[in-house]
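For what it's worth, my numbering labels the leading residue of the sequence shown as 25, then goes sequentially. Report on the structure given below.
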Amino acid sequence: MNQLTGLILLAGSSPSDTNIHYLSGFTAPDSFLYMKTAKVSYLVVSAMEKGRAEKQSTPGTQVFTPADLGLKGKKAWDRVVQIRALMDVAKIRRIKVPSDFPAGVFQTLEKKGIKVSIERNTICPERKTKRSDELLKLKNSQKSAVAAMKAGIALIGSSKIGPKKRLFIGKEPLTSEKVRHLIHKTLIDHDCAGVETIVAGGDQGTDPHERGSGPLYAGQSIIIDIFPRSEKTGYWGDITRTVCRGEAAPELKTLYNAVKAAQAAALRAVQPGICADEIHILCKKIFEQRGFQTKEVDGKHVGFIHGTGHGVGLDIHELPRVGASGEILEAGNVITIEPGLYYPGLGGVRIEDTVVVTESGYRYLASCPKKFELL
25 MNQLTGLILL
35 AGSSPSDTNI
45 HYLSGFTAPD
55 SFLYMKTAKV
65 SYLVVSAMEK
75 GRAEKQSTPG
85 TQVFTPADLG
95 LKGKKAWDRV
105 VQIRALMDVA
115 KIRRIKVPSD
125 FPAGVFQTLE
135 KKGIKVSIER
145 NTICPERKTK
155 RSDELLKLKN
165 SQKSAVAAMK
175 AGIALIGSSK
185 IGPKKRLFIG
195 KEPLTSEKVR
205 HLIHKTLIDH
215 DCAGVETIVA
225 GGDQGTDPHE
235 RGSGPLYAGQ
245 SIIIDIFPRS
255 EKTGYWGDIT
265 RTVCRGEAAP
275 ELKTLYNAVK
285 AAQAAALRAV
295 QPGICADEIH
305 ILCKKIFEQR
315 GFQTKEVDGK
325 HVGFIHGTGH
335 GVGLDIHELP
345 RVGASGEILE
355 AGNVITIEPG
365 LYYPGLGGVR
375 IEDTVVVTES
385 GYRYLASCPK
395 KFELL
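Structure follows, in structure tokens:
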């Protein structure tokens, strides 16, 4: 970065929040200011947060409060005034901001005569390749996801099949909400938070992002997708399994086996130097060879209707994408492999693991059994 230019990040949106966390090591519930120059990083936080910011931020980060910058009254929390003061401290003449920077603040900066431009490139491209300390944090989050998955599957497996194939725990119907509640309790025990956890049975599971609600039934596919965030580190885990309490119809078994085969083939293909598109195309080819077409039926897209995977780190979805992205995998990437098939009237199936790309292929961050029928 040019020594006369600073990069300004304002906490308050997901991309900037996680980039600030990555660059400075600091997070806070309230909005705050971060600036990076060629040599130094700066934080502007409230007096309440200063002590914690000084302890948590990476070495060499300079921490200021508005008072430290000589700002008082209403001006103390005017972001434009803060930025100008910080530019004076850093002795820089112009700044860059990311594309998610608030438009109102950007316009005011320009009106005040501050030379500001938009940084079109990825702010932290180095986030794609995880350091050893990041891999450990991701592994811990994934182990939490696996523990919660095992708890959820065990609950479904222990259920009794009642009238009209409805599942029961004792005298109470087993619902998506009850399974999700147990999953979230398990995650809390592992210092993780469950966010938008999916437990979707039957046709609910044919919408990949449907959380699921209501009673669960025997003979139907139940998609369980758990993506916890560590309360301590901020890193995520991600895992999906599909199960069926009782015996599944032959057509549903065939659907499951196709997804399982596609995921296994995709995992075998993971290695440094491969284009992510090739892995996605491989999954599509396996599905087509097994007679599972992706198409539109009655206005609804069915079949393999999403990408094969995505990067995982401080964001649940980050680079590299495993799909039509043109991105080349590198050792140290952490990605999901999660092919799926979705057909209303039959059901949905998705199987997902989070793996790290190694010099020779891949390894699981945490392993978890893949068993469909819970008999």
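Glycine included, every Cβ here is placed at the ideal spot set by N, Cα and C.
*Do Ile-298 and Leu-353 have their C-beta atoms within less than 8 Å of each other?*
Yes.
*C-alpha gap between Gly-186 and Leu-338, whole angstroms*: Roughly 43 Å between the two C-alpha positions.
_Helix, strand or coil at Tyr-366 according to DSSP, with G and I counted as helix_ = Reduced to three states, the DSSP call for Tyr-366 is strand.
_Residue from Glu-383, Asp-157 and Ser-70 whose Cα sits closest to the Cα of Lys-96_ = Distances from the alpha-carbon of Lys-96 to those of Glu-383, Asp-157 and Ser-70 put Ser-70 closest.
*asked:* Looking only at its chain, what residues have a beta carbon closer than 6 Å to the beta carbon of Glu-143, apart from the 5 residues adjacent to it on each side?
replied: Contacts found: Lys-120 and Pro-122.
*Buried or exposed by the 16-neighbour rule on C-beta atoms within 10 Å, applied to Pro-344*: Here Pro-344 is buried: its Cβ has 16 or more other Cβ atoms, across all protein chains shown, within 10 Å.
*Secondary structure at Glu-342, three-state DSSP: helix, strand or coil?*
For Glu-342, the secondary structure class from DSSP, reduced to helix, strand or coil, is strand.
*Which one of Asn-145, Ile-375 and Glu-73 has the shortest CA to CA distance from Ile-222?*
The option with the nearest alpha carbon to Ile-222 is Ile-375.
*How would you label Gly-369, buried or exposed, when you count the other beta carbons within 10 angstroms and need 16 or more for buried?*
Classification for Gly-369: exposed.
*What separation, rounded to the nearest whole angstrom, lies between the Cα atoms of Ile-44 and Ser-183?*
Cα-Cα distance, rounded: 45 Å.
_N- and C-terminal bounds of the beta strand (DSSP E) containing Ala-224_ = Per DSSP, Ala-224 belongs to the beta strand (DSSP E) from 222-225.
_8 Å Cβ shell around Lys-136 - same chain, five flanking residues per side excluded_ = Counting only Cβ-Cβ distances below 8 Å, and skipping sequence neighbours, we find Val-104 and Arg-108.
*How is the beta strand (DSSP E) around Lys-319 delimited, first residue to last?*
Lys-319 -> beta strand (DSSP E) spans 319-321.
*Run the CB neighbour count on Gly-128, radius 10 Å, all protein chains shown included, and call it buried at 16 or more, exposed below.*
It counts as exposed.
*Indicate whether the contact test is met: 3 or more Cβ pairs, each with one atom in the region 236-248 and one in the region 154-167, closer than 8 Å.*
The region 236-248 is not in contact with the region 154-167.
*Please determine, among Asp-215, Leu-31 and Arg-190, the residue with the shortest C-alpha to C-alpha distance to Asn-145.*
Among Asp-215, Leu-31 and Arg-190, the Cα nearest to that of Asn-145 is on Leu-31.
*What alpha helix (DSSP H) runs, 4 residues minimum, are completely inside the region 94-170?*
As far as the region 94-170 is concerned, its whole alpha helix (DSSP H) runs of at least 4 residues are 103-114 and 127-135.
*Grab me the residues of Arg-204's own chain with a C-beta within less than 6 Å of its C-beta, minus the 5 sequence neighbours each way, in chain order.*
Correct list, in chain order: Thr-221 and Val-223.
_Ala-348 in three-state terms, based on DSSP_ = Ala-348: coil per DSSP, three-state reduction.
*Cα-Cα separation between Gln-86 and Thr-378, rounded to whole angstroms*: Each residue's alpha carbon lies about 36 Å from the other.
*CA-to-CA distance, Ser-384 to Pro-296, given in whole angstroms*: Spanning the two alpha carbons is a distance of roughly 8 Å.
*Kindly list the residues whose CB is nearer than 8 Å to the CB of Gly-73, restricted to its own chain and excluding five residues on each side of it in sequence; keep chain order.*
Per the sequence presented here, residue 73 reads as Glu, with Gly not at that position. Taken in chain order, the residues that qualify are Ala-52, Asp-54 and Phe-56.
*Once you ignore the five residues that flank His-330 on each side, which residues in its own chain have a CB closer than 6 Å to its CB?*
Cβ neighbours of His-330 beyond the five flanking positions: Pro-232.
*Since I believe Lys-60 is in contact with Leu-416 (beta carbons under 8 Å), could you give me their beta-carbon distance rounded to a whole number of angstroms?*
What is shown of the chain runs 25 to 399, which leaves residue 416 out entirely.
_What does the Cβ neighbour count give for Asp-41, buried or exposed, with the cut at 16 atoms within 10 Å?_
Looking at its Cβ environment, which holds 16 or more other Cβ atoms inside 10 Å, Asp-41 is buried.
_Please state the DSSP three-state secondary structure of Ala-290._
Shown here, Ala-290 sits in a helix according to DSSP, grouped into three states.
*asked:* My output table needs one value for Gln-228: the three-state DSSP class, helix, strand or coil.
replied: For Gln-228, the secondary structure class from DSSP, reduced to helix, strand or coil, is helix.
*Whole-angstrom distance between Ser-200 and Ser-168, CA atom to CA atom*: In this structure, the straight-line span from the alpha carbon of Ser-168 to that of Ser-200 is close to 20 Å.
*Unbroken alpha helix (DSSP H) run spanning Phe-311, endpoints*: In the DSSP annotation of this structure, the continuous segment of the alpha helix (DSSP H) that includes Phe-311 starts and ends at 300-313.
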